[in-house]
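Below: one structure, written as structure tokens.
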């Protein structure tokens with residue numbers, strides 16, 4: 001992983017540089033809709049027909065369809081930022097339809113995701129639209145049960161195998177968390193659920209229960225797994241930027257707290273250029289199909305840490321779960337094991353003294 005040093009840059013220096021790229025081109029947006037939805041629907045139907053041949057072939061086609069579902073999620077993502085179409089109505093229409101396919105209530109997600117962009121890397125504003133990360137001090141001060149719960153949550157098998165079910169299939173069905181007190185946010189959840197119920201009914205009616213169990217659910221699961229993986233590795237690397245609110249800077253959060261995940265060309269296309277996450281975090285109004293162009297032409301973008309696909313898998317399974325303010329980087333549970341034992345011994349000693 002390569003992370004060049006960043007020089008001090010003020011907003012007046014970078015805002016004019018990114019502005020020319022923050023312009024959607026309707027024909028390119030429509031082309032992306034076509035090259036995302038049509039292959040997805042074709043692969044989904046092919047997976048259904050493959051049930052007559054062999055379940056193994058269906059599984060392969062499920063995975064292929066899931067990749068296009070990730071691409072559809074990126075369209076929804078851009079629509080949520082208002083960057084995909086010039087028309088807000090067109091963005092919202094695409095976002096809602098895509099959200100039904102990706103199990104994501106568009107309005108609710110858009111609200112919390114905007115908060116993520118505004119607070120990414122801010123130690124005092126964690127917990128909304130992010131992978132929750134404790135500091136070493138918080139972990140040492142936590143009870144044994146709290147530490148155990150956090151370790152389970154951060155376990156890669158829980159994160160990437162159970163996480164997709166919890167986040168996309170369960171938690172998104174209820175108006176929970178940030179913004180859930182707002183009527184429009186709650187309504188987006190219920191409208192999505194209603195449309196989703198209609199879609200599932202149609203699948204059972206026209207294709208049968210096997211299509212639901214062996215095509216629909218696996219496609220959703222694979223796509224959600226890949227989505228969580230991508231999001232995780234783009235913010236949870238060793239030198240990721242974290243600062244308390246008084247010292248937090250938007251530019252540094254984007255350039256030092258997000259990676260440039262350099263994927264093979266086909267994977268970059270399938271994932272809607274989301275690997276250029278540093279560019280997106282700095283300027284979310286840039287549509288995904290202009291992110292590479294912005295990265296190539298703006299020198300500032302070169303300072304972001306570059307991560308390869310091999311690096312991404314190492315990050316996903318690395319013991320990097322706690323932010324250490326003293327070392328200014330993520331550390332592992334093993335790094336604080338001795339301190340945990342000392343903290344527990346001190347706590348037990350204090351309890352005996354009180355008794």
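In full-length UniProt numbering, the protein residues as written are 1 to 355.
C-beta atoms are modelled at their ideal positions from N, C-alpha and C, and glycine is treated no differently.
For residue 96, the number of other beta carbons within 10 angstroms of its own is at least 16, and it is reported as buried. Residue environment: residue 234 is assigned as buried (16 or more neighbouring CB atoms within 10 Å of its CB, all protein chains considered). Inter-segment contact for the region 277 to 287 and the region 247 to 258 is present: three or more beta-carbon pairs are separated by less than 8 Å. Comparing alpha-carbon positions, the option among 265, 103, 167 lying closest to residue 194 turns out to be 103. Boundaries of the beta strand (DSSP E) harbouring residue 307: 306 to 308, taken from the DSSP string. Annotation: residue 86 is outside any alpha helix (DSSP H) and is labelled neither H nor E by DSSP. Annotation: residue 205 to residue 39 spans about 23 Å, alpha carbon to alpha carbon. Assignment of beta strand (DSSP E) within the region 224 to 262, counting only whole runs of 3 or more residues, yields 260 to 262 in chain order. DSSP places residue 329 within a strand segment (E or B) once states are collapsed to three. The beta carbon of residue 268 sits closer than 7 Å to the beta carbons of 275 from its chain, once the five residues preceding and following it are set aside; these are given in chain order. Rounded to whole angstroms, residue 265 and residue 300 show a C-alpha spacing of 23 Å.
The continuous alpha helix (DSSP H) containing residue 148 extends over residues 144 to 154. As the crow flies, the alpha-carbon of residue 333 is around 30 Å from that of residue 172. Sequence-distant partners of residue 105 (beyond 5 residues in either direction) whose C-beta falls short of 7 Å from its own C-beta, in its chain, are 99, 172, 188, 189, 192. Bounds of the beta strand (DSSP E) holding residue 323 are 322 to 324.
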